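2 protein chains.
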Amino acid sequence: MKFKSVGRKDAEHLESIVGPDRFSMGQSNLELHSKDQSYHPAVLPEAVIWPVNRTEVSEILRYANEQLVPVTGWGSGTSVEGNPIPVQRGLVLDFSMMNRIVEIRDADFQADVEPGVVYQDLNEKLRHRGLFFAPDPGARATIGGMLANNASGIRTVRYGSTRANTLRLTVVLASGEIIDMGSRSSKTSSGYDLINLFIGSEGTLGLVVQATVRLKGLCEEISAAIATFSDVEAAAGAVFEIKRSGIDPASLELLAQECVALMNKERGLGLAVLPTLFIEFHGAGKNQLQESVDMAREICQSCGCDHFMSGIERPARDNILRARYEMAETIMRNHPGCSHTVIDVAVPVSAYPELISLAREEALKSGIPGYVFGHAGDGNLHLILMGKTLDHAQRAIIDNVSNRLVIKAIQVGGTSTGEHGTGIGKRKFMETEHGASLEWMKKIKTLFDPNGILNPGKILP
Amino acid sequence: MKFKSVGRKDAEHLESIVGPDRFSMGQSNLELHSKDQSYHPAVLPEAVIWPVNRTEVSEILRYANEQLVPVTGWGSGTSVEGNPIPVQRGLVLDFSMMNRIVEIRDADFQADVEPGVVYQDLNEKLRHRGLFFAPDPGARATIGGMLANNASGIRTVRYGSTRANTLRLTVVLASGEIIDMGSRSSKTSSGYDLINLFIGSEGTLGLVVQATVRLKGLCEEISAAIATFSDVEAAAGAVFEIKRSGIDPASLELLAQECVALMNKERGLGLAVLPTLFIEFHGAGKNQLQESVDMAREICQSCGCDHFMSGIERPARDNILRARYEMAETIMRNHPGCSHTVIDVAVPVSAYPELISLAREEALKSGIPGYVFGHAGDGNLHLILMGKTLDHAQRAIIDNVSNRLVIKAIQVGGTSTGEHGTGIGKRKFMETEHGASLEWMKKIKTLFDPNGILNPGKILP
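If you read the protein sequences in the order shown, they are chains H and Z. Mapping the first sequence onto full-length UniProt numbering, position 297 (from 1) lands on 297, and the numbers just tick up by one. Mapping the second sequence onto full-length UniProt numbering, position 421 (from 1) lands on 421, and the numbers just tick up by one.
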């Protein structure tokens with residue numbers, strides 16, 4: 001596809017849609033929209049535009065589609081697979097001014113939001129109503145970005161990913177057409193399911209301008225426990241047994257010893273520097289939580305747990321959780337002059353111990369500082385490798401480690417990406433992972449975006 | 001689209017794919033595949049074929065597609081919206097001989113099954129492993145049929161619909177091409193989500209030949225309670241408060257008094273003939289269940305509950321559940337000479353009391369015996385109306401009641417079908433419900449099935 005640059009006439013037209021304050025070709029704005037939090041190299045767009053409503057988004061896309069100008073949606077740039085980097089330049093459409101919480105319907109456990117709403121801000125608004133939006137990727141992600149990636153997080157093991165927490169979408173297609181899809185009913189068997197096609201499509205099929213998300217009731221009671229093990233495999237084994245027991249934890253996180261050491265250093269947590277499970281329970285009453293904790297303790301002990309600490313109260317729990325959410329940032333801060341690569345794979349839970357072993361072995365062999373952790377309850381593993389910035393030899397080593405882990409994950413029935421999306425880095429695995437259905441993904445792309453203007457260079461190889 | 005009849009040459013070719021034992025143009029076989037459990041009139045196919053593997057399915061579809069012979073997939077014919085009635089005649093592809101449980105992977109909470117597996121048979125096999133497949137539509141549905149309809153049931157409020165319990169599909173497209181989609185990992189953000197497009201598409205986009213379904217751990221403890229109210233609205237109000245409390249019941253069923261009366265009569269349950277909530281709790285320990293039951297009691301009492309009976313033990317519970325599962329059959333048996341129409345709508349839970357009132361009012365006004373019940377925890381309502389068979393005046397009244405309830409459901413943000421699918425009867429509401437996105441559903445249909453041979457006359461108006 002031959003795209004067009006944003007010329008003077010294009011700039012004039014685009015500016016006329018939104019007004020001069022919300023269109024920019026200035027260097028600093030281009031730089032701010034040139035890269036996400038990944039290691040992928042920055043690419044400057046040619047212009048940035050900030051629509052405030054769906055009509056503007058529609059007019060922008062209609063024009064860009066006619067003129068063959070690439071358009072890449074932008075949330076808050078916190079993704080880690082290059083998902084919003086405008087690799088074909090063109091226009092970045094920044095949703096930060098479409099950040100209204102349109103309506104909260106307590107009685108239905110639903111909220112209508114614009115894509116620029118940061119999920120923590122929504123949760124701040126919901127707290128006094130006793131509700132929350134469950135997916136929690138950690139960084140200050142926007143809900144638009146979370147939809148684009150099917151983001152998930154620490155509580156996904158209980159509450160599901162962004163996909164599982166979305167009911168309705170309003171989407172602007174490449175042609176400028178605006179369509180609604182889904183239902184406010186919590187269940188439906190009506191027509192074809194379109195919303196799941198758009199969720200996780202990284203803005204390559206259309207741009208979400210409004211979403212109805214599911215909300216959950218904030219738990220009356222929360223309890224947390226920490227279990228330490230002498231080796232990571234034993235910890236991963238306990239994960240399976242906990243899942244099997246029906247306890248239904250709200251988080252089930254694994255942290256290898258190097259991560260615990262860093263958390264101690266940064267936040268003075270004083271945890272034993274051993275492979276650790278962080279387990280959280282949400283419930284309506286104290287007794288049921290105690291029962292869950294007791295069962296988790298028994299299971300961990302039968303799996304060779306060294307120490308099981310339960311009854312961790314709010315301040316300590318919040319401290320640990322914050323340390324976990326900030327893991328990537330903490331690692332980066334501790335390796336100045338390095339770039340971080342997050343390897344994000346997910347596998348059926350039985351293969352998790354094997355994958356964890358492989359990740360640690362690969363990290364060790366690489367000679368590059370590596371950190372293994374993950375949403376163990378979902379079979380999701382992260383390995384962060386801190387290679388020296390612009391060191392091509394280390395980059396090649398990291399790429400090889402990533403390749404081997406991804407191929408292994410796919411071989412055991414898993415996926416090249418559990419939650420970070422395909423973006424730029426995982427495109428090369430799409431054929432291996434999806435086989436013949438990849439051609440149908442391409443046909444769907446062509447159906448919705450025949451000129452290929454929407455976030456070109458992502459997902460499809 | 002001009003379809004072709006199954007001629008002698010076609011019959012010879014189709015028979016040559018599967019052998020003479022598994023192809024039939026005999027009247028009794030045609031009749032057995034001419035209607036489901038709905039009120040929609042029977043249409044005889046021209047031939048029935050029973051493939052035993054995906055290669056045969058592929059060869060059959062390739063031939064039918066070339067010859068423009070319509071092909072309708074068949075599970076066990078238990079649907080209630082005419083979903084598998086071969087309205088354009090042609091070929092019915094019966095999956096009953098593709099009923100292997102290919103593999104159960106306990107450790108991953110997954111099973112690979114062929115589409116002809118009846119879900120109760122799978123659960124029978126799983127029981128001694130402590131696992132189960134959660135969606136429970138009640139009738140002896142096949143998993144292929146459940147996938148086609150995105151079926152759900154009594155435990156969906158806790159465990160989700162068929163969609164939420166499916167990880168991977170192998171699908172044969174109209175062209176005969178076989179594609180795999182989805183992942184065995186419990187989470188993924190890789191590529192476009194295709195499986196959700198096929199789930200709920202009623203065999204109009206492709207035919208599922210294998211599925212990987214999620215399994216859940218069987219609960220250690222189950223407890224049930226029955227709450228009776230003096231009016232249906234109060235019962236519906238309690239549903240909302242229970243949902244809000246975070247108790248997370250495993251079922252939350254509403255039964256209007258006429259349903260309770262029938263259950264008493266059929267099974268001697270001796271329940272008070274009043275609007276009733278049946279509430280089930282699943283958990284890992286006795287204490288947590290007791291706590292949930294206590295909270296539910298408090299909530300129901302504060303919502304004006306007349307009587308709350310908890311601690312219902314297994315035999316009584318099973319009896320009530322069986323009566324609930326058999327509701328439709330029981331109603332039919334009690335109205336000889338009548339045909340049953342099940343109205344199946346779902347709404348956001350805040351609109352449930354209003355919808356329940358309207359349903360009862362409409363049933364009363366119609367002068368036709370009506371039964372109101374539903375999966376209240378999901379906002380899903382059923383009204384069964386028993387009109388005299390072939391009584392056109394009553395048919396017209398029922399159609400009008402159905403129209404008013406569906407339009408009301410859509411007006412309050414709900415859906416024309418919560419779980420029975422669009423089939424034949426709900427096609428006329430597709431434009432009202434889906435607006436401009438209906439055109440995109442049609443484009444997707446054309447993309448995957450350009451000749452329109454797959455289950456023509458369903459879903460799309």
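A virtual CB, placed ideally from N, CA and C, is assigned to each residue, including glycine. Bear in mind that the values here come from a model prediction, so they are computed numbers and not experimental data.
DSSP places ASP318/H inside the alpha helix (DSSP H), whose first and last residues are 314–325. For HIS282/Z, the CB contacts under 6 Å within the same chain, skipping 5 residues up- and downstream, are CYS219, ILE222 and ALA250 in chain order. In the structure shown, PHE133/H adopts coil according to DSSP, grouped into three states. Around VAL401/H, the same chain offers GLU362 and SER366 as residues with beta carbons nearer than 6 Å, after the five sequence neighbours per side are excluded.
Residues of the segment 411–431 of chain H with a Cβ closer than 9 Å to any Cβ of chain Z, in chain order: VAL412, GLY413, GLY414, THR415, SER416, THR417, GLY418, GLU419, HIS420, GLY421, THR422, LYS426, PHE429 and MET430. Taking 9 Å as the cut-off between beta carbons, none of the residues of the segment 53–64 of chain Z comes near chain H. Looking only at GLU253/Z, ASP106/Z, LYS187/Z and LEU381/Z, the smallest Cα-Cα distance to GLY217/Z is reached by ASP106/Z.
Exclusion of the five residues before and after GLY203/Z leaves THR72, GLY73, ALA148, LEU454 and ASN455 as the residues of its chain whose Cβ lies within less than 7 Å of its Cβ.
Sorting ALA323/H, ALA359/H and ASN196/H by C-alpha distance to the C-alpha of LEU169/H places ASN196/H at the top. Only LEU218, CYS219, GLU220 and PHE240 from the segment 218–240 of chain H bring a Cβ to less than 8 Å from some Cβ of chain Z. By the criterion of a C-beta distance shorter than 6 Å, SER38/H is surrounded in its chain by VAL80, GLU81 and GLY82, once the five residues flanking it on both sides are discounted. Checking the DSSP bridge columns, you'll see ILE384/H partnered with VAL342/H and TYR371/H.
For the segment 267–286 of chain Z, residues whose beta-carbon sits nearer than 9 Å to a beta-carbon of chain H comprise HIS282, GLY283, ALA284, GLY285 and LYS286.
Residues of the same chain with a CB within less than 7 Å of the CB of VAL172/Z, apart from the 5 flanking positions on each side, are ARG54, VAL57, SER58, LEU61, ILE178, GLY206, LEU207 and VAL209 in chain order. Less than 8 Å divides the Cβ of VAL52/H from the Cβ of MET98/H. For ASN403/Z, the number of other beta carbons within 10 angstroms of its own is below 16, and it is reported as exposed. Scanning the segment 43–108 of chain Z for uninterrupted beta strand (DSSP E) segments of 3 residues or longer gives 47–49, 71–74, 91–94 and 101–105, listed from N- to C-terminal end. DSSP places LYS216/Z in the strand class (E or B) of the three-state scheme. Around the C-beta of GLY19/Z, fewer than 16 other C-beta atoms lie within 10 Å, and the residue is accordingly described as exposed.
DSSP, reduced to helix, strand and coil, places HIS335/H outside both helices and strands of the structure shown, so it counts as coil. Residue environment analysis places GLU114/H among the buried positions, since at least 16 neighbouring C-beta atoms fall within 10 angstroms of its C-beta.
Contacts with chain Z (Cβ-Cβ distance below 7 Å) from the segment 360–380 of chain H involve ASP378, GLY379 and ASN380, listed in chain order. Residue environment analysis places PRO84/Z among the buried positions, since at least 16 neighbouring C-beta atoms fall within 10 angstroms of its C-beta.
Our two residues, LYS265/H and LEU254/H, have alpha carbons roughly 18 Å apart in a direct line.
In this structure, GLY452/H keeps its C-beta atom at 8 Å or more from the C-beta atom of VAL87/H. Between TYR192/H and chain Z, the shortest Cβ-Cβ separation is below 8 Å.
Contact of MET295/H with chain Z by beta-carbon distance below 8 Å involves ALA284 and GLY285.
For GLY182/H, the enclosing beta strand (DSSP E) has its first and last residue at 178–182. Contact annotation for HIS307/H against chain Z: no contact, minimum CB-CB distance about 23 Å [criterion: below 8 Å].
By the CB criterion at 8 Å, GLU103/H and ASP112/H fall inside the cutoff.
Closer than 8 Å to the CB of SER161/H there is at least one CB belonging to chain Z. Assigned with DSSP and collapsed to three states, HIS307/Z falls in strand.
By DSSP's assignment, ASP112/Z forms a beta bridge with GLU103/Z and THR212/Z. Using a Cβ-Cβ distance cut-off of 8 Å, the segment 367–385 of chain Z and the segment 319–332 of chain Z are in contact, since at least three pairs of beta carbons, one from each stretch, lie closer than that value.
Sixteen is the threshold: since fewer than 16 other Cβ atoms of the shown chains lie within 10 Å of the Cβ of ARG127/H, the residue is exposed. Using a Cβ-Cβ cut-off of 8 Å, ASP136/H does not count as an interface residue toward chain Z, since no Cβ of chain Z sits closer than that to its own.
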